[in-house]
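Asker:
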Amino acid sequence: MTKKIVVGLIAAPELPAAIGRKYIEKIPHHLQNQVEEDVSWEMEFIIDPLTGAAETVGEILEKAIEIKKEKGWDYAVCLTDLPLFHNKNIVGADISLHHAVAQLSIPVFGWLPTKKRIENAIIQIIREIYYHKGNSDKLEELEKSNPEFLLQKQFPVSRVKRLSENDDHVGKEARYIVFPKKLGKIRLLMGMTQANRPLSIMPSFKRIIAIAFSTGIFGLIFTTIWELSYLLSVYRLLALNIAAICLMVFWIVSAHDLWESKSVRSDSKLRRLYNQATVLTLLISVLSYYAVLFFLFLVTILIVIPPDVYDYSVDIEGDFSFLYFLRLAWVATSISTIVGAIGASLENDELVRDITYGYRQKRRYSEIKSKE
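If you read the sequence shown in the numbering used here, its first letter stands for residue 8, the second for the next number, and so on.
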């Protein structure tokens, strides 16, 4: 009689849930081919807010144990979008071989984690649990296959190191940490930024785009801005560009109270990481906004301003070049961004705050309390 094993996939809301849904149908087939073909593998999938709200491995694994018992699963794997640490080390995965549960941190895969790499990591975790859970004859095969190396292949730039320990009642007998720390932190930060979905707040920029564009169009009536675009060096134009973007990011953080303060979060390491992810997320969002605004100004300039009029008004040296219109659109975008940022706020306050880790955790804890 074919043995049946049910594996539960517990995902945090948003990105982990979206990733988990992609794997739920394909993983059983891969498990049969790569782990044990004589087993009937079944997958069940649920979304749990605590998986994306708890800040320690212990809390997540304890919740996984609770859900596994409640659902009657054989194994359980948690997908979280939270950064997890152990003694200043970045934790990629934790496996409780005794309780047959594990967790995998999505952000450690970096920016735009590929479907195949996360899928392979999940399969490797399940393989390790299976070989240690009543399948002692497979342990030698596991040791030969080198579980650390198999999981390592899912991290092509940074590396993972397998630690074996039994340090608390949860029983985390296998832990994979990412190193070197500096490179791992960069990958983690990029993964957290991607989990924040930077482009999701673009619809909230409509008001600022309207203010900035109307201000810039009014400014283009006067030839002073034309002369500035011609006279300013590329370095000054770049400095104006950077200043405009930084001011916009600063204003959004201040206007929507996105900065994690010490009074809100006592863990300074997590607080800094959350704030860094927020700033990087907003930088990508504002750069996207800046590109849209630049395109609008460039199209308007090409339609409204004839080259000979620009040549006559600015008194350029030599022949007219399309580059002059690019510089004019560049100046108009930077100046209008500065004007648009001051005193303006994004339209959907809830959507803006939802790109920060701290706010999403608070919302998820609220969901948990409302269900109790």
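Just so it is clear, CB atoms sit at the ideal spot from N, CA and C, and this is done for glycine as well.
Quantities reported herein were computed from a predicted structural model and do not represent experimental measurements.
Among Leu-16, Val-299, Leu-206 and Thr-288, whose alpha-carbon lies nearest the alpha-carbon of Ala-217?
Answerer: The residue labelled residue 217 in the question sits at position 210 within the sequence shown. Closest option to Ala-217, Cα to Cα, is Val-299.
Asker: Alpha carbon to alpha carbon, how far is Thr-340 from Val-306?
Answerer: Numbered from its first residue, the sequence shown carries residue 340 at position 333. Numbered from its first residue, the sequence shown carries residue 306 at position 299. Rounded to whole angstroms, Thr-340 to Val-306 spans 12 Å at the Cα level.
Asker: Helix, strand or coil: how does DSSP classify Ile-323 here?
Answerer: Here the question's residue 323 lines up with position 316 in the sequence shown. In the structure shown, Ile-323 sits in coil (DSSP, three-state: anything other than H, G, I, E or B).
Asker: Could you check which residue in Glu-32, Trp-48, Met-209 and Leu-287 has the C-alpha nearest to that of Val-14?
Answerer: As a first step, residue 14 is located in the sequence shown; it is residue number 7 there, counting from the start. Nearest C-alpha to Val-14: Trp-48.
Asker: Under a three-way DSSP split, which group does Lys-276 fall into?
Answerer: Here residue 276 refers to the residue found at position 269 of the sequence shown. Of the three classes helix, strand and coil, the one that applies to Lys-276 here is helix, per DSSP.
Asker: Which word fits Ser-343, buried or exposed, when buried means at least 16 other C-beta atoms lie within 10 angstroms of its C-beta?
Answerer: Within the sequence shown, the letter at position 336 stands for residue 343. Ser-343 is buried by the Cβ-count criterion.
Asker: Suppose only complete runs of 3+ residues qualify. What are the beta strand (DSSP E) ranges in the region 55 to 137, listed by chain order?
Answerer: Those beta strand (DSSP E) runs which fall completely within the region 55 to 137 and span 3+ residues are 82 to 87, 96 to 103 and 108 to 112.
Asker: Can you check whether the CB of Met-199 is closer than 8 Å to the CB of Pro-90?
Answerer: Translated into positions along the sequence shown, residue 90 becomes position 83. Translated into positions along the sequence shown, residue 199 becomes position 192. Their beta carbons are under 8 Å apart, which means Pro-90 touches Met-199 by this criterion.
Asker: In the DSSP assignment, find the unbroken beta strand (DSSP E) run with Val-14 in it and report its ends.
Answerer: The residue given as residue 14 occupies position 7 in the sequence shown. Run containing Val-14: 10 to 18, per the beta strand (DSSP E) assignment.
Asker: Could you check how far apart the C-beta atoms of Thr-87 and Ile-67 are, in whole angstroms? I think they sit under 8 Å.
Answerer: As a first step, residue 87 is located in the sequence shown; it is residue number 80 there, counting from the start. As a first step, residue 67 is located in the sequence shown; it is residue number 60 there, counting from the start. That belief holds up - the Cβ atoms of Thr-87 and Ile-67 are roughly 6 Å apart, short of 8 Å.
Asker: Is the beta carbon of Val-85 sitting closer than 8 Å to the one on Ile-193?
Answerer: Sequence index remark: in the sequence shown, residue 85 carries index 78 (1-based). Sequence index remark: in the sequence shown, residue 193 carries index 186 (1-based). The amino acid occupying residue 85 in the given sequence is Cys; Val does not appear at that position. Contact: no.
Asker: Please state the DSSP three-state secondary structure of Leu-265.
Answerer: Start at 1 with the first residue of the sequence shown, and residue 265 comes out as number 258. If DSSP states are grouped into helix, strand and coil, Leu-265 belongs with coil.
Asker: Going by the beta-carbon positions, is the gap between Ala-246 and Val-346 smaller than 8 Å?
Answerer: Taking the first residue of the sequence shown as position 1, residue 246 is located at position 239. Taking the first residue of the sequence shown as position 1, residue 346 is located at position 339. For Ala-246 and Val-346, no; Cβs fall outside 8 Å.
Asker: Given a threshold of 16 other Cβ atoms within 10 Å of its Cβ, counted over all protein chains shown, does Gln-134 qualify as buried or as exposed?
Answerer: Indexing the sequence shown from 1 puts residue 134 at position 127. It should be pointed out that residue 134 corresponds to Arg in this sequence rather than to Gln. Result: buried.
Asker: For Val-98, is the classification buried or exposed, using 16 other Cβ atoms within 10 angstroms of its Cβ as the cut-off for buried?
Answerer: As a working note, residue 98 is residue 91 in the sequence shown. That one is buried.
Asker: Are the beta-carbon atoms belonging to Ile-129 and Leu-111 less than 8 Å from one another?
Answerer: The residue you call residue 129 lines up with position 122 of the sequence shown. The residue you call residue 111 lines up with position 104 of the sequence shown. Yes.
Asker: How many Å lie between Ile-381 and Glu-21 at the Cα?
Answerer: Because the chain is modelled from 8 through 379, residue 381 falls outside the range shown and cannot be assessed.
Asker: My assumption, with CB atoms under 8 Å, is that Ile-132 sits in contact with Ile-102. Please give the rounded CB distance.
Answerer: To locate residue 132, count along the sequence shown from 1; it is residue 125. To locate residue 102, count along the sequence shown from 1; it is residue 95. Confirmed, Cβ separation roughly 6 Å.
Asker: Determine the burial state of Glu-69: buried for a count of at least 16 other Cβ atoms within 10 Å of its Cβ, exposed for fewer.
Answerer: The sequence position of residue 69 within the sequence shown is 62, counting from 1. That one is buried.
Asker: Note down the Cα distance separating Phe-92 from Ala-71, rounded to an integer number of angstroms.
Answerer: Taking the sequence shown and counting its residues from 1, the one referred to as residue 92 is at position 85. Taking the sequence shown and counting its residues from 1, the one referred to as residue 71 is at position 64. Near 18 Å, if we compare the C-alpha coordinates of Ala-71 and Phe-92.
Asker: Here's a check: name, in chain order, each residue in its chain whose Cβ is nearer than 6 Å to the Cβ of Tyr-364, leaving out the five neighbours to either side.
Answerer: Along the sequence shown, one-based indexing puts residue 364 at 357. Within the same chain, Tyr-364 has close Cβ partners Tyr-281.
Asker: Can you list, in chain order, the residues of its chain whose CB lies under 7 Å from that of Tyr-297, leaving out five sequence neighbours each side?
Answerer: Residue mapping note: residue 297 aligns to position 290 of the sequence shown, counting from 1. So the qualifying residues of the chain are Ile-252, Thr-340 and Thr-344.
Asker: Let me check one thing: in DSSP terms, what residues is Gly-185 bridge-paired to?
Answerer: By one-based count along the sequence shown, residue 185 stands at place 178. Reading off the sequence, residue 185 comes out as Val, not Gly. Per DSSP, Ile-97 and Val-167.
Asker: When DSSP labels each residue in this structure, what does Ile-349 get in the three-state scheme?
Answerer: For the purposes of this step, residue 349 is taken as residue 342 along the sequence shown, with counting starting at 1. Ile-349 falls in the coil class under three-state DSSP.
Asker: How many Å lie between Leu-206 and Leu-358 at the Cα?
Answerer: Within the sequence shown, numbered from 1, the residue matching residue 206 stands at position 199. Within the sequence shown, numbered from 1, the residue matching residue 358 stands at position 351. One C-alpha to the other measures close to 11 Å.
Asker: Quick one: what's got a C-beta closer than 6 Å to Ala-109's C-beta in the same chain, skipping five residues either side?
Answerer: What you label residue 109 is simply residue 102 of the sequence shown in a count that begins at 1. Only Val-84, Ile-102 and Ile-132 meet the Cβ criterion.
Asker: If you follow the alpha helix (DSSP H) that Arg-204 is part of, which residue opens it and which one closes it?
Answerer: Within the sequence shown, residue 204 is the residue found at index 197, counting from 1. Unbroken run through Arg-204: none, as it is neither H nor E.
Asker: Could you name the residues of the same chain whose beta carbon sits closer than 8 Å to that of Val-256, not counting the 5 residues immediately before and after it, in chain order?
Answerer: As a first step, residue 256 is located in the sequence shown; it is residue number 249 there, counting from the start. Correct list, in chain order: Val-286, Leu-289, Leu-290 and Val-293.
Asker: Tell me which residues share the same chain as Val-185 and place their Cβ nearer than 6 Å to its Cβ, disregarding the 5 neighbours each side in the sequence.
Answerer: By one-based count along the sequence shown, residue 185 stands at place 178. Ile-97, Gly-99, Val-115, Ser-165, Val-167 and Gly-191, listed in sequence order.
Asker: Name, in chain order, the residues that DSSP records as bridge partners for Ile-53.
Answerer: In the sequence shown, counting from the first residue as 1, residue 53 sits at position 46. Paired residue(s): Ile-17.
Asker: Would you report the Cα separation of Ser-320 and Ser-211, rounded to the nearest angstrom?
Answerer: The residue you call residue 320 lines up with position 313 of the sequence shown. The residue you call residue 211 lines up with position 204 of the sequence shown. Computed Cα separation, rounded: 37 Å.
Asker: Note down, in chain order, each residue of its chain lying with its Cβ closer than 6 Å to the Cβ of Trp-118, except the 5 sequence neighbours on either side.
Answerer: The sequence position of residue 118 within the sequence shown is 111, counting from 1. Here the set comprises Met-197 and Gln-201.
Asker: With DSSP collapsed to three states, give me the class of Val-256.
Answerer: Mapped onto the sequence shown, residue 256 falls at position 249. Looking at Val-256 - three-state DSSP - the assignment turns out to be helix.
Asker: Taking the alpha carbon of Val-316 as the point to measure from, which residue in Trp-233, Arg-204 and Asn-40 has its own alpha carbon closest?
Answerer: In the sequence shown, counting from the first residue as 1, residue 316 sits at position 309. Taking only the C-alpha atoms, the option nearest Val-316 is Trp-233.
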